[in-house]
Amino acid sequence: MFCCRFTKHQESEVIVPQPVKTTAEGDSAEGTMANIAVVYYSMYGHIKTMAQAVQKGIESAGGKCTVYQVAETLPEEALKKMGAPPKDPNHPIMDFSKVDELASYDGILFGSPTRFGMISAQMKTFFDSTGGAWMKGAFVGKPAGFFFSTGTQGGGQETTALTFLTQLTHHGMIFVPIGYGNSKLMDMTETHGGSPYGAGCLAGPDGSRQPSALELDVATYQGEYFTKKAIALKKGSA
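Encoded structure:
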């Protein structure tokens, strides 16, 4: 399928059709890519690993992804005593000074470990800093989702998601859950995280368990699925 735009020839004033580059599906190639932000907090690296899997899915769906981490609120001395590794220098800090940048993205995926069944204090501190964006309605209508980690299977895989949901609701964001689109969420051959709300992993009570191949696969699926929905919304509002 070809689209044409018309220009006038400078000498003869003849209208000449100019082909416009199109995709295989016939849509204009411009404006079909979604620019997605991933904003996460990770103390021991589990959510960072999940964020990287989500990024893989975003990019495989043709999206552009920028990964941020929210600011740490614990003092360095406390982090050392808790055995927390250094933060990834490749992921810039998303703090109060950069909140307005998120308004330019086509969608945002948030990631956080659970703390007593809810999002971490670091992630909540970030959301508490978004009041200016809230006043301007900067995130209204923007698709969003989340992924998470818990220490145990019943440690908050769904309640943590629900505490994320209140943040999105007050911003007027469009929650994009994954449902059971990836059948591995129903796998009963191994213990794993994840729920219809989003991808998840189990870290173990002492944090020694790393995300499994199944959990990472669901995270990648979430990134891909979310990006496709963000692209569809972007096309619909064009």
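Here UniProt numbering is used: the first residue of the sequence shown is 1, the next is one more, and so on. Cβ atoms here follow ideal geometry from the backbone N, Cα and C, with glycine treated the same way.
According to DSSP, residue i sits in a beta bridge with which residue or residues?
i	result
Pro-113	Ser-149
Ala-37	Thr-66, Ile-108
residue 239	Look at the range of the chain in this structure, 1 to 238, and you will see that residue 239 is not part of it.
Ser-195	Gly-198
Ala-144	Ile-108, Phe-175
Met-135	Paired residue(s): none; Met-135 is not in a bridge.
residue 266	Nothing can be reported for residue 266, as the shown portion of the chain is limited to 1 through 238.
Pick out whichever of the options has its Cα sitting closest to the Cα of residue i.
i	options	result
Leu-102	Lys-142, Gly-83, Met-82, Glu-72	Lys-142
Gly-198	Gly-137, Phe-147, Glu-72	Phe-147
Ala-61	Ser-237, Gly-236, Leu-233, Tyr-221	Tyr-221
Asp-100	Asp-88, Ala-37, Met-50, Cys-65	Ala-37
Ala-213	Met-50, Tyr-68, Gly-172	Met-50
Val-39	Leu-109, Val-54, Pro-75	Leu-109
Gly-179	Lys-136, Glu-158, Gly-236	Glu-158
Glu-72	Glu-59, Thr-125, Gly-181	Thr-125
Ser-208	Thr-152, Lys-56, Ala-53	Thr-152
Ser-129	Thr-160, Leu-79, Val-70, Glu-77	Val-70
Glu-59	Glu-76, Asn-182, Leu-216, Asn-35	Asn-35
Gly-181	Phe-226, Phe-96, Gly-236	Phe-226
Glu-190	Thr-66, Glu-215, Lys-98, Gly-131	Glu-215
Asp-217	Phe-164, Ile-174, Asp-187	Asp-187
Pro-196	Ala-203, Leu-202, Ser-183	Ser-183
Val-140	Ile-174, Leu-233, Phe-127	Ile-174
Pro-89	Gln-167, Val-67, Pro-75	Val-67
Lys-98	Phe-127, Ala-78, Leu-74	Phe-127
Look at residue i and residue j and say whether their C-beta atoms are less than 8 Å apart.
i	j	result
His-170	Trp-134	yes
Ser-112	Met-94	no
Thr-114	Gly-156	yes
Thr-150	Gly-200	yes
Gly-154	Val-176	no
Gly-107	Ala-230	yes
Gly-172	Leu-185	no
Met-33	Lys-64	yes
Ala-161	Val-54	no
Ser-120	Tyr-41	yes
Any heavy atom of the ligand SAM inside 7 Å of the beta-carbon of residue i?
i	result
Gly-207	With respect to the ligand SAM, the structure offers nothing, as it holds no ligand at all.
Q) Any contact of the region 39-59 with the region 70-90, i.e. 3+ C-beta pairs under 8 Å? A) With a cut-off of 8 Å, the region 70-90 and the region 39-59 count as touching, because enough Cβ pairs lie within range.
**Q.** Runs of alpha helix (DSSP H) wholly within the region 60-91 (minimum 4 residues, chain order)
**A.** Taking only runs of at least 4 residues, the alpha helix (DSSP H) segments lying wholly in the region 60-91 are 76-81.
Q: Let me know the alpha helix (DSSP H) ranges lying completely inside the region 158-191, each 4 residues or longer, listed in chain order.
A: 159-171, all fully within the region 158-191.
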